[in-house]
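Student:
Number of protein chains: 4
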Amino acid sequence: MLRFALFGAGRIGRMHAAELAAHPDAELSYIYDVYDSAARETAYKHGAKVAADVATALNDAAVDAVLIASPTDTHVDLITRAARAGKAILCEKPIDLDIDRVNACREEIASCDVPIQIGFNRRYDPSHRSAREAVGNGEVGRVEEVIITSRDPGLAPIEILRTSGGLFRDMMIHDFDMARFILGEEPVELVAMGSVLVDPRVAELDDVDTAMVIMTTASGALCHINCSRRCVYGYDQRVEVFGDKGMVLSANPTATTLERYSASATQAREPLLNFFIERYAQAYRHQLDDFIAAVEQSRTPAVTFEDGRRALILADAAGVALKTGRSVKLEF
Amino acid sequence: MLRFALFGAGRIGRMHAAELAAHPDAELSYIYDVYDSAARETAYKHGAKVAADVATALNDAAVDAVLIASPTDTHVDLITRAARAGKAILCEKPIDLDIDRVNACREEIASCDVPIQIGFNRRYDPSHRSAREAVGNGEVGRVEEVIITSRDPGLAPIEILRTSGGLFRDMMIHDFDMARFILGEEPVELVAMGSVLVDPRVAELDDVDTAMVIMTTASGALCHINCSRRCVYGYDQRVEVFGDKGMVLSANPTATTLERYSASATQAREPLLNFFIERYAQAYRHQLDDFIAAVEQSRTPAVTFEDGRRALILADAAGVALKTGRSVKLEF
Amino acid sequence: MLRFALFGAGRIGRMHAAELAAHPDAELSYIYDVYDSAARETAYKHGAKVAADVATALNDAAVDAVLIASPTDTHVDLITRAARAGKAILCEKPIDLDIDRVNACREEIASCDVPIQIGFNRRYDPSHRSAREAVGNGEVGRVEEVIITSRDPGLAPIEILRTSGGLFRDMMIHDFDMARFILGEEPVELVAMGSVLVDPRVAELDDVDTAMVIMTTASGALCHINCSRRCVYGYDQRVEVFGDKGMVLSANPTATTLERYSASATQAREPLLNFFIERYAQAYRHQLDDFIAAVEQSRTPAVTFEDGRRALILADAAGVALKTGRSVKLEF
Amino acid sequence: MLRFALFGAGRIGRMHAAELAAHPDAELSYIYDVYDSAARETAYKHGAKVAADVATALNDAAVDAVLIASPTDTHVDLITRAARAGKAILCEKPIDLDIDRVNACREEIASCDVPIQIGFNRRYDPSHRSAREAVGNGEVGRVEEVIITSRDPGLAPIEILRTSGGLFRDMMIHDFDMARFILGEEPVELVAMGSVLVDPRVAELDDVDTAMVIMTTASGALCHINCSRRCVYGYDQRVEVFGDKGMVLSANPTATTLERYSASATQAREPLLNFFIERYAQAYRHQLDDFIAAVEQSRTPAVTFEDGRRALILADAAGVALKTGRSVKLEF
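Same order as they appear, the protein sequences are chains R, C, Z and Y. So that you can map any letter, position 203 of the first sequence is 203 in this note's numbering, and since no number is skipped, the others follow by simple counting. One rule links them: number in this note's numbering = place in the second sequence (from 1) + 332. One rule links them: number in this note's numbering = place in the third sequence (from 1) + 664. One rule links them: number in this note's numbering = place in the fourth sequence (from 1) + 996.
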């Protein structure tokens, strides 16, 4: 049984609260949020305590682990304090938008021997994971091409986008992690192109809302990622892996298997699941299961701080490639 | 919050115990099983009490509802006693294998004003339910043909089959209920054919392991059901509804969406889910949700004692049709 | 090179004329139709002669084969005369609507040693044929259940239906032949149900427009056929074969592979092909190929007079089963 | 009726010969090939004359059109001579591997008013064409992302590759044309990455066998192309078009619709069609139809010399981008 303090009671924090409360091997002890009322409401619902401040939770020896679901700019501080307090850490992505702060954090916590997992939940999606297994067990042979399609149902409000870090660090960072997960080796070079097609205000933020990237690895494998901030048919998330023995494709799930036949269409299925909370509900559960199991079995979590750092390095490199029109060599 | 006594701690009883224990609006108070050790183990796992006998649970005023998952031949007795004790009842199908006992039970409990739901869980499968909704909202128009395919992964042990009531009352009874659910009107006549193809010992039981039925309704809709006791590619469960405005097909789900492409096949997916506990996991959860909601809102449960009775009448009629080679007129 | 006389220049006759004219191993020598203008128009288009009467074509020693695509009630006479004239015969289904006339014809031509093929074109559809091959090569194992779905896009004009012989002999006869083709053994018994759902005038013809049948074979295999005279989403033609080693399903083709994703649907494909001339275009070509090859190689055609006769016996039996509500034992 | 001279009787020339011979509005008058025996064999089969040399065919006033299917390095010469002789021209892609020669040819024939079509047959594939129509009729809205997957079943012999012009000019040139066809506007900039993964001898040719490209257009649309010279599961050819109103996907066809269900897989279909002659058989027929119709109706052919030239410019630019690691601005 792992006792958790949850930091953050926003949309994703509330989802984690429910998962922690329902988990047979977890106990939700504390919730902290700068908005006290948000923390209170969620804590009340799940029978947890409201922490008056972060320290209260970290100083309680009965707390084994923290789940960090607060705004991105608080992650580094919370990771550092939790690590020093000896708590196991499950932190939402990204670690931070600034690679220098991430590197500094890495040094700060180097001597703290605590398990840290970064919340790249998609690795736990059963279909994406099966794609990875098809690589691992040799079914696709040597990996030659990976194609990742990633389209959000709709643009976030512009004020959210302003502090998001931009498409590469906020959205495509998930796909960079997926690329590393599937490829099984590090990208060595990257090119990028992008456009503002969804909302012209994105251009004012010096950002793009539609982008494509290609990466290569040392072995010569090629990986393409395409992202759009708006997709009218739902949350489109596909991963294709092509190798010298075959291909596997992690396709989009739907809520039911109902096929419809009418005068206008054949085998039509219902629209895709709307967004990450629905689409990756299973993935979030498996992520929590695996984190808890890793801590209890004293093994390194499956998605490390270093994984979070490297995904950010890829996102930064994509930004440079986009601006310069040149390929960027990657160093981690 | 509904407090349950669970009768039966076998395979399906244990599944219900886990669902009850995890349900936010349910409390698993008692478990009873003739095998005391089975009850004890399950009760211990979920923090419930072991009832020394059925009466203990039924006499406890704190118990609101019973979930009957014991052997079929105990259902009528337990339903009767629970109804007299004023408990809400969720009972696994079938009510009984003998229509006379079911009719007698109906009379016995006629004056007991308790909610009773029979466990035709498939009605709660999201895909089958969407098929029903496509009928209800007029999408398929007037229903003209319903085709239900129902294949179990493998034959149960012969000693289980011996007391099962036969393919029609044990297995196809689910499909008869599905037919009534989808058709939205009663069948009026039925023909049947069947064979022993899976295991010759089934013939010694005067039973069949493969069967097909056709039914008509008063409006002239036709419904076909096919069943097999053995299906090497998994648990095949499909419902097709054809009408004058189109067709919908509730197809088989798989655990992932992974598509495989190799030198020998294209778009291959992984095998079907193995059996009802995996295949209908969502359905069992939604069934429990709906039963609890019905009791709490004092509305009639969605699947009534009468639904259980009528499915048995259809199963019995299929047996007669098979033996006589004649169509059987249905009376309920 | 096989020189053909074509009898009949209606819709299907014109299709055969075009196929014969384009075939590298066939020559379309004569066309005869009671409507001289129809014959003339088609003959002119393909550079064939118009036969003044049937005898002209049959008496021409340069004619090797006849293709009979005239109205059903002329088939027996034309088959008999062509057989006596020593011509190879490809005759559209059915041979006749009256089994007595078919039997008499069989006796009449018994001593004529000419190749005769009946136009059950669906046997030549690449997908249905692959289903048959999956039976033949053992892929599905022992055949246990066959399910044939057969829905025409729309009801023929009532005056056509009046002389059609009824749903079983006009439409389901194709499915009876498909059943025999797939099963690889003869049906021994049959039950049927039917309704008038599409057009009430069908009832005045003492016919049905929607029907379901079940048949068994000596080995115990079960076969279900469902038919409707009207299907708003196109020409729905599926064949499913279930055995102890697996299942194969010949699904509906569409004109393109385009998948559409919109706010309302996922993986929607375009509507099914509209009717038999489009849907079975390949099958008609392969049928002609195979007939020509059979004649040239002096082998028995793949679909014999006896196949045509047995399909009619099944259709007649279905009519009896429908009227009597009793299963009918089959004798050929 | 258009009378053709065919130049080239190799694999693709023989396919064209058969198409021309079977076409109701074409006549195959002459065949010329440097290998006289190849020309003779094909001419004999289709009842055409063997031209002793190119001039014989071009000087015959009865010849209306030429179909150029000879080796790439002969295209420019044959186009020039045929244009001067006033013949309509259907020429296989590419026009030439050297853009300077293409430009020179353009000037040479500028004053010849003859219809010229370049053989980008894929534009005529029914599914790809439907994707284009979904753009044209507004179904996908504004085009934002195009993703083209293009994988050949196997590497050509190394001696063929030596003179092929490299992956971009030999293989991806088809995809560059498809991109222009689908986008409906010109690419303005391009990046590329590539690897030698299939056969190390490809590196000795200073070529790649696996490559990825991204292009942008003036409106900001992004287009990704991925190519591999080897694909064990067949000839994988997909086109995806994503816009602000939806997405369409031209998926791979298979020879039949048979779905297979076994203990190891669900809905498995047979392997993809093997290579372009099978996969694009319909496209080749429609291409010929459209070329003949364009000539007869005196309209400009759908795929012009300029289309051929621009596809080559894109291929050359991809080569530069690959070598320099920089994006290349496109000028046509």
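Ideal placement from N, C-alpha and C gives every residue a C-beta, glycine not left out.
Closer than 8 Å is the cut-off here; do at least three beta carbon pairs connect the segment 7 to 17 of chain R with the segment 30 to 48 of chain R?
Tutor: Yes: at least three Cβ pairs fall under 8 Å.
Student: As a quick exercise: from Y32/R, D64/R and L58/R, pick the residue whose alpha carbon is nearest that of A52/R.
Tutor: The residue you call residue 52/R lines up with position 52 of the first sequence. Ranking Y32/R, D64/R and L58/R by Cα distance to A52/R puts Y32/R first.
Student: Please report the distance separating the alpha-carbon of S775/Z from that of A682/Z.
Tutor: Numbered from its first residue, the third sequence carries residue 775/Z at position 111. Numbered from its first residue, the third sequence carries residue 682/Z at position 18. Approximately 33 Å between the Cα atoms of the pair.
Student: To the nearest angstrom, how far is it from the Cα of A690/Z to the Cα of N1248/Y?
Tutor: Walking along the third sequence from the start, residue 690/Z turns up at place 26. Walking along the fourth sequence from the start, residue 1248/Y turns up at place 252. Rounded to the nearest angstrom, the two C-alpha atoms are 34 Å apart.
Student: Would a check of beta-carbon distances place T1333/Y closer than 7 Å to chain C?
Tutor: The structure shown does not extend to residue 1333/Y, since chain Y is modelled only from 997 to 1328, so the question has no answer here.
Student: List, from N- to C-terminal side, the alpha helix (DSSP H) runs of 4 residues or more that fit wholly inside the segment 716 to 771 of chain Z.
Tutor: 718 to 723 and 739 to 748, all fully within the segment 716 to 771 of chain Z.
Student: Is D568/C helix, strand or coil by DSSP?
Tutor: Walking along the second sequence from the start, residue 568/C turns up at place 236. Looking at D568/C - three-state DSSP - the assignment turns out to be strand.
Student: Do C105/R and V76/R have their C-beta atoms closer together than 7 Å?
Tutor: Translated into the one-based positions of the first sequence, residue 105/R becomes position 105. Translated into the one-based positions of the first sequence, residue 76/R becomes position 76. Result yes, Cβ atoms of C105/R and V76/R sit closer than 7 Å.
Student: Where does V905/Z fall in DSSP's three states?
Tutor: Position 241 of the third sequence, counting from 1, holds the residue named residue 905/Z. Reduced to three states, the DSSP call for V905/Z is strand.
Student: Check each candidate in G325/R, K329/R, P126/R and D316/R and name the one with the smallest Cα separation from L249/R.
Tutor: In the first sequence, residue 249/R corresponds to position 249, counting from 1. Among G325/R, K329/R, P126/R and D316/R, the Cα nearest to that of L249/R belongs to P126/R.
Student: Are A721/Z and Y694/Z closer than 7 Å when you measure CB to CB?
Tutor: Here residue 721/Z refers to the residue found at position 57 when the third sequence is read from its first residue. Here residue 694/Z refers to the residue found at position 30 when the third sequence is read from its first residue. Closer than 7 Å, so yes.
Student: Applying a beta-carbon distance threshold of less than 9 Å, which residues of chain C neighbour R1265/Y?
Tutor: Mapped onto the fourth sequence, residue 1265/Y falls at position 269. Those are A597, T598, Q599 and A600, listed as they occur along chain C.
Student: Quick one, which of A5/R, A83/R and R101/R has its alpha-carbon nearest A69/R's?
Tutor: Taking the first residue of the first sequence as 1, we reach residue 69/R at position 69. Considering only alpha carbons, the answer is A5/R.
Student: How would you list, in chain order, the residues of chain Y whose beta-carbon sits under 7 Å from the beta-carbon of R201/R?
Tutor: Position 201 of the first sequence, counted from the first residue, corresponds to residue 201/R. None at all; the shortest Cβ gap to chain Y is about 15 Å.
Student: Where does V862/Z sit, in a helix, a strand or coil, going by DSSP?
Tutor: Walking along the third sequence from the start, residue 862/Z turns up at place 198. V862/Z falls in the coil class under three-state DSSP.
Student: Using a Cβ cut-off of 7 Å, which residues of the segment 224 to 237 of chain R contact any Cβ in chain Z, in chain order?
Tutor: Flagged, chain order: V232 and Y233.
Student: Let me make sure I understand the geometry here. Which of F1177/Y, P1196/Y, N1117/Y and T1212/Y has the alpha-carbon closest to that of A1188/Y?
Tutor: Position 192 of the fourth sequence, counted from the first residue, corresponds to residue 1188/Y. For A1188/Y, the nearest C-alpha among the options comes from T1212/Y.
Student: Residues bridged to E1141/Y by DSSP?
Tutor: In the fourth sequence, the residue the question calls residue 1141/Y occupies position 145. E1141/Y pairs with L1218/Y and F1238/Y.
Student: If you count every other CB in all the chains shown that lies within 10 Å of the CB of I492/C, and 16 or more means buried, which is it?
Tutor: In the second sequence, residue 492/C corresponds to position 160, counting from 1. Under this definition I492/C is an exposed residue.
Student: Would a C-beta distance cut-off of 7 Å place R299/R and F332/R closer than the cut-off?
Tutor: Along the first sequence, read from residue 1 onward, the residue named residue 299/R stands at position 299. Along the first sequence, read from residue 1 onward, the residue named residue 332/R stands at position 332. No, these two residues do not count as a Cβ contact at 7 Å.
Student: Could you tell me if the beta carbon of L2/R falls within a distance shorter than 6 Å of some heavy atom in the ligand ATP?
Tutor: By its list of ligands, the structure shown contains no ligand whatsoever, and the ligand ATP lies outside what it can speak to.
Student: Using the Cα positions of D1240/Y and I1095/Y, report the straight-line distance between them to the nearest angstrom.
Tutor: Taking the first residue of the fourth sequence as position 1, residue 1240/Y is located at position 244. Taking the first residue of the fourth sequence as position 1, residue 1095/Y is located at position 99. Cα to Cα, the separation comes out at about 36 Å.
Student: Counting Cβ pairs, one atom from each stretch, are 3 or more of them under 8 Å apart for the segment 265 to 272 of chain R and the segment 596 to 616 of chain C?
Tutor: The answer is no - the segment 596 to 616 of chain C does not touch the segment 265 to 272 of chain R, with fewer than three Cβ pairs under 8 Å.
Student: Taking C-beta pairs closer than 8 Å, name the residues in chain Y that S361/C reaches, listed in chain order.
Tutor: As a working note, residue 361/C is residue 29 in the second sequence. Correct list: empty, because the minimum Cβ distance to chain Y is about 42 Å.
Student: Helix, strand or coil: how does DSSP classify P519/C here?
Tutor: By one-based count along the second sequence, residue 519/C stands at place 187. Reduced to three states, the DSSP call for P519/C is strand.
Student: Does the structure place the segment 865 to 881 of chain Z close enough to the segment 826 to 844 of chain Z that three or more beta carbon pairs sit under 8 Å?
Tutor: Taking 8 Å as the limit for Cβ pairs, the verdict is that the segment 865 to 881 of chain Z does touch the segment 826 to 844 of chain Z.
Student: In the DSSP assignment, find the beta strand (DSSP E) that holds R40/R and state where it starts and stops.
Tutor: As a first step, residue 40/R must be located in the first sequence, where it is residue number 40. Not the beta strand (DSSP E): R40/R falls in the alpha helix (DSSP H), residues D36 to H46.
Student: Report yes if the C-beta distance between E637/C and L422/C is below 7 Å; otherwise report no.
Tutor: What you label residue 637/C is simply residue 305 of the second sequence in a count that begins at 1. What you label residue 422/C is simply residue 90 of the second sequence in a count that begins at 1. At residue 637/C the sequence reads Phe, which differs from the Glu that was named. In this structure, L422/C does not lie closer than 7 Å to F637/C by Cβ.
Student: Is R229/R helix, strand or coil when you go by DSSP?
Tutor: Your numbering for residue 229/R matches position 229 in the first sequence. In the structure shown, R229/R sits in coil (DSSP, three-state: anything other than H, G, I, E or B).
Student: Report the rounded CA-to-CA distance for E1200/Y versus G1043/Y, giving the unit in angstroms.
Tutor: Translated into the one-based positions of the fourth sequence, residue 1200/Y becomes position 204. Translated into the one-based positions of the fourth sequence, residue 1043/Y becomes position 47. For E1200/Y and G1043/Y, the distance between alpha carbons rounds to 45 Å.
Student: Are the C-beta atoms of M1189/Y and some chain R residue less than 7 Å apart?
Tutor: Start at 1 with the first residue of the fourth sequence, and residue 1189/Y comes out as number 193. Chain R contact via Cβ: present.
Student: Report the neighbours of A463/C on chain R: residues whose CB is nearer than 7 Å to its CB, in chain order.
Tutor: Along the second sequence, read from residue 1 onward, the residue named residue 463/C stands at position 131. Chain R residues near A463/C: L258.
Student: Please check if any C-beta of chain R sits within less than 7 Å of the C-beta of Y456/C.
Tutor: The count along the second sequence starts at 1 and reaches residue 456/C at position 124. No, its Cβ sits nowhere closer than 7 Å to a Cβ of chain R.
Student: How would you write the range of the beta strand (DSSP E) that Y364/C sits in, first residue to last?
Tutor: By 1-based counting over the second sequence, the position of residue 364/C is 32. Element bounds for Y364/C: A358 to Y364.
Student: Return the residue from the list V1184/Y, D1202/Y and P1183/Y that minimises the CA-CA distance to L1319/Y.
Tutor: For the purposes of this step, residue 1319/Y is taken as the residue at position 323 of the fourth sequence. Leu is not the amino acid found at residue 1319/Y; the sequence shown has Lys there. Measuring from the Cα of K1319/Y, the nearest candidate turns out to be D1202/Y.
Student: Let me know if T827/Z comes out buried or exposed under the rule of 16 or more other beta-carbons within 10 Å of its beta-carbon.
Tutor: Reading the third sequence from its first residue, position 163 is the one you call residue 827/Z. The residue is exposed, with fewer than 16 neighbouring Cβ atoms inside 10 Å.
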